[in-house]
Amino acid sequence: MSKKFSILITTKNRIQDLRFTLHKIKDLIKKGAVECIICDDGSTDGTSNFIRENYSQIHLIRNEKSKGLIYSRNRLLDLVSTEFAITIDDDLHFITQNPLESIEQAFRRNPKIGLLGFRIYWNTNEPEKTKTFEVSHRMKSFVGCGHVWRMQAWRDIPDYPAWFIFYGEEDFASFQLFKKEWEIHYLPEVLVNHRVDIKSRTKNKDYGIRLRRSLRSGWYLYFLFYPLKDIPRRFTYSVWMQFKLKVFRGDLKALKAILLAMLDVVFSIPKIIQNTNRLSIKEYNVYQKLEGTKIYWQPEDELQ
0 MSKKFSILIT
10 TKNRIQDLRF
20 TLHKIKDLIK
30 KGAVECIICD
40 DGSTDGTSNF
50 IRENYSQIHL
60 IRNEKSKGLI
70 YSRNRLLDLV
80 STEFAITIDD
90 DLHFITQNPL
100 ESIEQAFRRN
110 PKIGLLGFRI
120 YWNTNEPEKT
130 KTFEVSHRMK
140 SFVGCGHVWR
150 MQAWRDIPDY
160 PAWFIFYGEE
170 DFASFQLFKK
180 EWEIHYLPEV
190 LVNHRVDIKS
200 RTKNKDYGIR
210 LRRSLRSGWY
220 LYFLFYPLKD
230 IPRRFTYSVW
240 MQFKLKVFRG
250 DLKALKAILL
260 AMLDVVFSIP
270 KIIQNTNRLS
280 IKEYNVYQKL
290 EGTKIYWQPE
300 DELQ
């Protein structure tokens, strides 16, 4: 029986996280329900050897030198031969048992759905309560750490923009899907645990580079997709809020990140011109009315 699903994972120097994740999805892999493809983005911690020695059924590819998350995701998606492709981070696992059935049913119910986003619990530990009253609905974009593509939709749009390097590829793809009249839906039936401590991120050594890449990707998207008349207001407001919430409170790392992100935008003008796919005013108004991306889920939300 041919497989319908692929699970795609990009990893770099996080062998312990990956080990835990693969243990959690081992039943899916062993039962032959899915094809698993992993891209090792230049790891130096023995990740590739670990996969070869312990998971011979996994299709492993490797970048000898790190090429970045987005480049690696493009490589993985190019190798998919199944109808659906699930992308998860190396520090994320399914809490929902038998998620494939719910995923397939959602796609079958609505042939306009090009992508489904999972219900994501961000914490180093699994939630004590998992029940939800949320219902599936259409939304603007999706979260990169846990989602699934209908591969027909993926092949209908340009690849992720590898020049973004990190951040922003989800919204880039979302705008492209919208232009092609594909829909993105939230699928709360499938719960995943992203094993990340959000509060500690601002203290990490890579805080500055993460902020720089996050800001510039947002600005790239303005210039690539938004109506021209709307760009100055949005860009100015974005910069002002960064100064108000970070720089004026003494965050000098943020100031450096903002200035470098601005330079990145200037140097990327040729790529922006080449890849522009601007929304019309009518399209923009429709897009703005879509529900925002469901990024975080907490058990406490169910009590409200």
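Residue numbering for the sequence shown follows numbering that gives the first Met the number 0, beginning at 0 and increasing consecutively.
Glycine residues also receive a C-beta, built at the ideal position from the N, C-alpha and C atoms.
Q) When DSSP builds the beta bridges, which residues end up paired with H136? A) Here residue 136 refers to the residue found at position 137 of the sequence shown. DSSP output for H136 lists Y185 as bridge partner(s).
Q. Taking the continuous alpha helix (DSSP H) assigned at S5, which residues delimit it?
A. Taking the sequence shown and counting its residues from 1, one reaches residue 5 at position 6. Looking at the DSSP string, S5 is not in any alpha helix (DSSP H); the run it does join, the beta strand (DSSP E), is 4 to 10.
Q. For I294, which residues from the same chain have a beta carbon less than 8 Å from its beta carbon, with the 5 sequence-adjacent residues on both sides left out?
A. In the sequence shown, residue 294 corresponds to position 295, counting from 1. Within the same chain, I294 has close Cβ partners I119, V142.
Q | Chain-order list of residues whose beta-carbon lies under 6 Å from that of L254 (same chain, five-residue window excluded) | A | As a first step, residue 254 is located in the sequence shown; it is residue number 255 there, counting from the start. Same-chain partners within the cutoff: V246.
Q: Following the continuous alpha helix (DSSP H) through N62, name the residue where it begins and the one where it ends.
A: Against the sequence shown, residue 62 aligns to sequence position 63. No alpha helix (DSSP H) holds N62; the beta strand (DSSP E) holding it covers 58 to 62.
(Q) Using a Cβ-Cβ cutoff of less than 8 Å, which residues in the same chain neighbour V195 once the five nearest sequence positions on both sides are dropped? (A) Position 196 of the sequence shown, counting from 1, holds the residue named residue 195. Once the five neighbours on either side are set aside, the close Cβ partners of V195 are D90, W121, N122, T123.
Q: Can you give me the start and stop residues for the alpha helix (DSSP H) that L21 sits inside?
A: Here residue 21 refers to the residue found at position 22 of the sequence shown. Looking at the DSSP string, the run of the alpha helix (DSSP H) that includes L21 is 14 to 23.
(Q) Only counting the same chain, and skipping five residues up and downstream in sequence, which positions put a Cβ closer than 7 Å to that of Y159? (A) Within the sequence shown, numbered from 1, the residue matching residue 159 stands at position 160. Residues I69, R72, N73, E168, F171, A172 of the same chain have their beta carbon placed closer than 7 Å to that of Y159, with the five preceding and five following residues left out of the count.
Q) Looking only at DSSP bridge pairs, what is C144 linked to? A) On the sequence shown, position 145 is the one that residue 144 refers to. Beta-bridge pairing links C144 to no other residue.
Q. For Y120, which residues does DSSP report across the bridge?
A. Taking the first residue of the sequence shown as position 1, residue 120 is located at position 121. Bridge partners of Y120: N192.
Q: Please determine, among T129, R108, R149, P157, the residue with the shortest C-alpha to C-alpha distance to H136.
A: Within the sequence shown, residue 136 is the residue found at index 137, counting from 1. Comparing Cα-Cα distances from H136 to each of T129, R108, R149, P157, the minimum goes to R108.
Q. Using CA coordinates, which residue listed in Q175, P126, I257, C144 is at the minimum distance from G207?
A. Here residue 207 is taken as the residue at index 208 of the sequence shown, counted from 1. Ranking the options by Cα distance to G207, first place goes to I257.
Q: Counting only the same chain and skipping the five closest in sequence on each side, list residues whose C-beta sits under 6 Å from that of I275.
A: For this step, residue 275 is matched to residue 276 along the sequence shown. According to the sequence shown, residue 275 is Thr rather than Ile. Only L223 meet the Cβ criterion.
Q.
Measuring alpha carbon to alpha carbon, tell me which residue in G45, E100, F93 is nearest N192.
A. If you number the sequence shown from 1, residue 192 lands on position 193. With distances taken between Cα atoms, N192 lies closest to F93.
Q.
Which residue wins for smallest C-alpha separation from S213, given the options P187, F163, F242?
A. The residue labelled residue 213 in the question sits at position 214 within the sequence shown. Of the candidates P187, F163, F242, the one whose C-alpha sits nearest the C-alpha of S213 is F163.
**Q.** As assigned by DSSP and simplified to three states, the class of F165
**A.** If you number the sequence shown from 1, residue 165 lands on position 166. DSSP places F165 in coil when its eight states are reduced to three.
Q. By the 10 Å Cβ neighbour count, where 16 or more other Cβ atoms means buried, how is I102 classified, buried or exposed?
A. Position 103 of the sequence shown holds residue 102. I102 is buried by the Cβ-count criterion.
Q) From what residue to what residue does the beta strand (DSSP E) around F93 run? A) Mapped onto the sequence shown, residue 93 falls at position 94. Per DSSP, F93 belongs to the beta strand (DSSP E) from 91 to 93.
**Q.** Where the alpha helix (DSSP H) containing F222 begins and where it ends
**A.** Stepping through the sequence shown from its first residue, residue 222 is reached at position 223. Counting along the chain, the alpha helix (DSSP H) containing F222 begins and ends at 206 to 224.
Q | Neighbourhood of H58 by C-beta distance below 8 Å, restricted to the same chain and skipping five residues each side | A | Position 59 of the sequence shown holds residue 58. Result list for H58: E34, C35, I36, I37, L78, in chain order.
Q | 8 Å Cβ shell around P226 - same chain, five flanking residues per side excluded | A | Looking up residue 226 in the sequence shown gives position 227. For P226, where only same-chain residues beyond five positions count, the Cβ hits under 8 Å are R277, L278, S279, I280, Y283.
Q) Of the choices L99, P231, R51, whose alpha-carbon is the least far from that of V147? A) Start at 1 with the first residue of the sequence shown, and residue 147 comes out as number 148. Ranking the options by Cα distance to V147, first place goes to L99.
Q: Please name the residue in E133, R211, E290, G41 whose C-alpha comes closest to that of E299.
A: Translated into positions along the sequence shown, residue 299 becomes position 300. The option with the nearest alpha carbon to E299 is E133.
Q) With C-beta atoms as the reference, is R154 less than 8 Å away from F83? A) Within the sequence shown, numbered from 1, the residue matching residue 154 stands at position 155. Within the sequence shown, numbered from 1, the residue matching residue 83 stands at position 84. Contact flag unset, no.
Q.
How far does the beta strand (DSSP E) with T86 in it extend, from its first residue to its last?
A. Walking along the sequence shown from the start, residue 86 turns up at place 87. If you look at T86, you'll find it in the beta strand (DSSP E) that goes 83 to 87.
Q. Beta carbon of K288, beta carbon of E182: below 8 Å?
A. Within the sequence shown, residue 288 is the residue found at index 289, counting from 1. Within the sequence shown, residue 182 is the residue found at index 183, counting from 1. No. Outside cutoff.
**Q.** C-alpha gap between N62 and G45, whole angstroms
**A.** Numbered from 1 along the sequence shown, position 63 holds the residue referred to as residue 62. Numbered from 1 along the sequence shown, position 46 holds the residue referred to as residue 45. Using only the alpha carbons, I get a separation of about 13 Å.
Q.
Between L115 and chain C, is any beta-carbon pair separated by less than 8 Å?
A. Annotation note: the requested chain C is absent from the structure, which comprises a single protein chain.
Q: Alpha carbon to alpha carbon, how far is G217 from S267? Give it in angstroms, no decimals.
A: Sequence index remark: in the sequence shown, residue 267 carries index 268 (1-based). Sequence index remark: in the sequence shown, residue 217 carries index 218 (1-based). Distance between the alpha carbons of S267 and G217: 13 Å.
Q: Answer yes or no: do T81 and K25 have a C-beta to C-beta separation smaller than 8 Å?
A: If you number the sequence shown from 1, residue 81 lands on position 82. If you number the sequence shown from 1, residue 25 lands on position 26. No, the Cβ-Cβ distance between T81 and K25 is not below 8 Å.
Q. For the alpha helix (DSSP H) that V79 lies in, which residues bound it at each end?
A. Translated into the one-based positions of the sequence shown, residue 79 becomes position 80. Careful: V79 lies outside any alpha helix (DSSP H) and carries neither H nor E.
Q.
Using a 10 Å radius around the Cβ and a threshold of 16 neighbouring Cβ atoms, would you call K11 buried or exposed?
A. One-based indexing of the sequence shown puts residue 11 at position 12. By the neighbour-count criterion, in which a residue is buried when 16 or more other Cβ atoms sit within 10 angstroms of its Cβ, K11 is buried.
Q. Roughly how many angstroms lie between the CA atoms of I197 and T131, to the nearest whole one?
A. As a working note, residue 197 is residue 198 in the sequence shown. As a working note, residue 131 is residue 132 in the sequence shown. If you take the alpha carbons of I197 and T131, they lie about 22 Å apart.
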